[in-house]
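In our numbering, the protein residues as written are 21 to 396. The C-beta atom is built at its ideal place from N, Cα and C for all residues, glycine as well. Being a predicted model, the structure only gives us computed values, none of them experimental. What follows is a single structure, written as C-alpha cells, with notes after it.
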Ligand SMILES: CNc1nc2c(CC[C@H]3O[C@@H](OC)[C@H](O)[C@@H]3O)c3nc(N)[nH]c(=O)c3cc2[nH]1
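This is the structure we're talking about:
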C-alpha cells in the first residue's frame, strides 16, 4: 500500500473579532493564514527567484490556468514533471481556473452553459474551457489548491445579470466538484475551492455562499470583487458574505489588494489574498514601505542618500539609496524591477506576519491602528 498523502486540512488556531489565525495543510506543506500569495501567473513571480520569494515568508504562489494552458500547455508541464518541478517551487501552489482571464484577455469569447469558447490572445488558436477541462488542467499542473470555473462579471451590473452569472457559477461549481473527485483530488490531499459570486447584491451573495457551503469544498473564495467597485462596496460585501461562509474552511478573497484592503478584509474574516499590486508596482517604480508608498520616478529622490527603510530586514529596503533606485528606474535598468519587487513583497509578507502574530496575541485592532498610523 503506497503511503496515502495526508488529506487537505484547515485548522483555526485563534480568532480576534472576525480576524482569524489559521493554517492549511496541503501536499506541499503548511500555509500560515492570513496569507498573502504572490502572483506567478506564467510560472514565475516576475523579477524574483523562487528561493528569494520563499525567504520572504511566502508559503504559496499562484499559477494561472488560462495563461499556462495557452503556453507552454498543461500536458507539456505534466510531461516535464508538473508545475512545482518546472518552476522549482517545492511549496504550495494555488491556481485560478482561468475564467477571469478569459473574460479579460481572450479574443472572440463566447460563454454558454457548457463553458467558454475563445481564441488565444497569443496565436489565435481556438479553445473550449469547461468546468471539467479547467479542473483537468489544474490537476495536470499538480496544483495543491484549485479553483472551480466561474463567471466573474465587472461591476456595476444590472441585478438580473449578476443573478444569471451567480447561478451559472453554482452549476459550474457542481460540475467542477464532480470532476475533481473523479480525478482523485481528495485522495491526493489537494483542495478545490468553490467561488462565491453575487456582485454587489447582498441577498445574491448570501444565496451563493449558502449554496456552495452545502457542497463539500475544501475552501471557499470570494470572487466577483476588486473588479472596479469602490473599496467600501467591497468591504460591505465581505460583511454580508463571510458570516454566511463555513467557519471551519479557508476563505480566499481573489485579486485583493492594497495593504489597506488586506488589513480591512482580515478584519472581516478573510484568510487568503492574491494581488499583482506589489509585483506590478515594483516594475513601475513604486515602493511600499511602513510609511506609505514612494514613487521612485519622482525627481525629488535624485539626491536622497537614505534607503527606503533602514529598519527593514530586506536588503533592497535597507542597503540601497533612494537616489540609486531613482537612477535605475529612470535608466530603465532591470535591477530597478528586481529591487523594488523584492522590497514590495518583503513589505507585504512583513504585514501578514504582523497580522498573524497580533491575532494570536488578541491585539489585532492595535496592530491595524499602528500600521495605519505609519502610513499617515
Ligand atoms: C484583480 N481583481 C480580481 N482578480 C480576480 C480573479 C483573478 C485572480 C487571478 O488573476 C491573476 O492576477 C491578475 C492571478 O493569477 C489571480 O490568480 C478572479 N478569478 C476568478 N476565477 N473569479 C473571480 O471572481 C475573480 C475575481 C477577481 N478580482
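Residue environment: residue 250 is assigned as exposed (fewer than 16 neighbouring CB atoms within 10 Å of its CB, all protein chains considered). The beta-carbon distance between residue 295 and residue 243, rounded to whole angstroms, is 14 Å. This is too long to meet the 8 Å contact definition.
Annotated as distal: residue 209 and residue 112, with beta-carbon spacing of 7 Å or more. Every alpha helix (DSSP H) of 4 residues or more that sits fully in the region 198–264 is shown, in chain order, as 222–233 and 251–261. Taking 8 Å as the upper bound for CB-CB distance, residue 305 and residue 351 are not in contact here, some 11 Å apart. For residue 80, the Cβ stays outside the 6 Å cut-off from all heavy atoms of ligand 1.
Looking at the DSSP output, residue 166 shares a beta bridge with 212.
In the DSSP assignment, residue 115 falls outside any alpha helix (DSSP H) and lies within the beta strand (DSSP E) extending over 112–116. Here residue 156 is buried: its Cβ has 16 or more other Cβ atoms, across all protein chains shown, within 10 Å.
Taken in chain order, the unbroken stretches of alpha helix (DSSP H) that lie wholly in the region 268–340 and span 4 residues or more are 279–286, 297–303 and 335–338. Not one heavy atom of ligand 1 lies closer than 6 Å to the C-beta of residue 349.
Here the alpha carbons of residue 71 and residue 166 stand approximately 23 Å from one another. In this structure, the alpha-carbon of residue 256 lies about 38 Å from that of residue 342.
For the beta strand (DSSP E) assignment, the uninterrupted runs of no fewer than 3 residues enclosed by the region 37–74 are, from N- to C-terminal side, 39–46, 49–53 and 55–58.
Between residue 117 and residue 140, the gap from beta carbon to beta carbon reaches 7 Å or more.
For residue 386, no beta strand (DSSP E) run applies; the uninterrupted alpha helix (DSSP H) run containing it begins and ends at 384–395, by DSSP.
Residue 135 is bridged by DSSP to 132. Taking a cut-off of 8 Å for Cβ pairs, the region 235–242 and the region 268–287 touch, as three or more such pairs fall below it. The beta-bridge partner set that DSSP reports for residue 30 consists of 44.
In the displayed model, residue 148 falls within a strand according to three-state DSSP. Residue 84 is bridged by DSSP to 116. Pairing residue 247 with residue 175 gives a Cβ-Cβ distance under 7 Å. Remark: C-beta atoms of residue 229 and residue 177 do not approach each other more closely than 7 Å. Put simply, the backbone Cα of residue 169 is about 21 Å away from that of residue 221.
Counting along the chain, residue 357 sits inside the alpha helix (DSSP H) bounded by residues 354–380.
Going by DSSP, residue 345 is part of the alpha helix (DSSP H) stretching over 342–351.
Distances from the alpha-carbon of residue 24 to those of 44, 207, 125 and 252 put 207 closest.
Close CB contacts of residue 378 within its chain, under the 6 Å cut and outside five residues either way in sequence, are with 384 and 387 (chain order). In the three-state reduction of the DSSP assignment, residue 108 falls in the coil class.
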